[in-house]
């Protein structure tokens, strides 16, 4: 089965060594794909992949209350739309909890913009994962590194990422 590491930006590459060291992930046989940020980039970058392929999403995420530098294994993902409510599935992800039993597990809320404030706690926020999951990959894992506590300034200081 094909394996892919999916990351939004080249600047996230530094997380690969951290993921190997801290999480003990064996990523040697995985092909690296940089998608770009957001839904359109995700769809264009991943639409051709076999849905049976194993995808490991590694990236930065914000959190309202997790400490900076915390690794989170994402258990489920949904879109973040704080101003309206409508029925929408919560997309479950595959977890590697048997190997990573001490790792914090939490849901991820995907946004189309950077989240600067939220009442949601014990979760992470990103800009890609729900779109990856919505494409229907059967073996999708995600590990997020908390880069900020909903501060665009702190995110930029650490990552030099999206403007």
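Residue numbers (my numbering): 2 to 164. Even for Gly, the Cβ is constructed at its ideal location relative to N, Cα and C. Model, not experiment: these values are computed from the prediction.
Residue i vs residue j beta-carbon contact at 8 Å
| i | j | result |
| --- | --- | --- |
| residue 78 | residue 105 | no |
| residue 1 | residue 65 | Because the chain in this structure spans residues 2 to 164, residue 1 falls outside the shown range and cannot be described. |
| residue 115 | residue 56 | no |
| residue 148 | residue 62 | yes |
| residue 94 | residue 111 | no |
| residue 146 | residue 16 | yes |
| residue 89 | residue 80 | yes |
| residue 109 | residue 125 | yes |
| residue 54 | residue 138 | yes |
| residue 70 | residue 13 | no |
Boundaries of the alpha helix (DSSP H) in which residue i is found, first to last residue
| i | result |
| --- | --- |
| residue 56 | Run containing residue 56: none in the alpha helix (DSSP H); it sits in the beta strand (DSSP E), 55–63. |
| residue 1 | Here the chain comprises residues numbered 2 to 164, so residue 1 is not present and cannot be evaluated. |
Beta-carbon contacts of residue i that lie in its chain and below 7 Å, excluding the five residues immediately before and after
| i | result |
| --- | --- |
| residue 118 | 151 |
| residue 23 | 72 |
CB-CB length for residue i against residue j, believed under 8 Å
| i | j | result |
| --- | --- | --- |
| residue 107 | residue 123 | 6 Å |
| residue 43 | residue 132 | 4 Å |
| residue 58 | residue 141 | 7 Å |
Cβ shell of residue i (< 6 Å), same chain only, five flanking positions each side left out
| i | result |
| --- | --- |
| residue 129 | 9 and 43 |
| residue 159 | 148 |
Limits of the unbroken beta strand (DSSP E) element including residue i
| i | result |
| --- | --- |
| residue 116 | Residue 116 -> no beta strand (DSSP E), and no H or E assigned at all. |
| residue 127 | 125–127 |
| residue 152 | That residue, residue 152, is in no beta strand (DSSP E); it is neither H nor E in DSSP. |
Cβ neighbours of residue i in the same chain (closer than 8 Å, five flanking residues each side left out)
| i | result |
| --- | --- |
| residue 52 | 136, 137, 138 and 139 |
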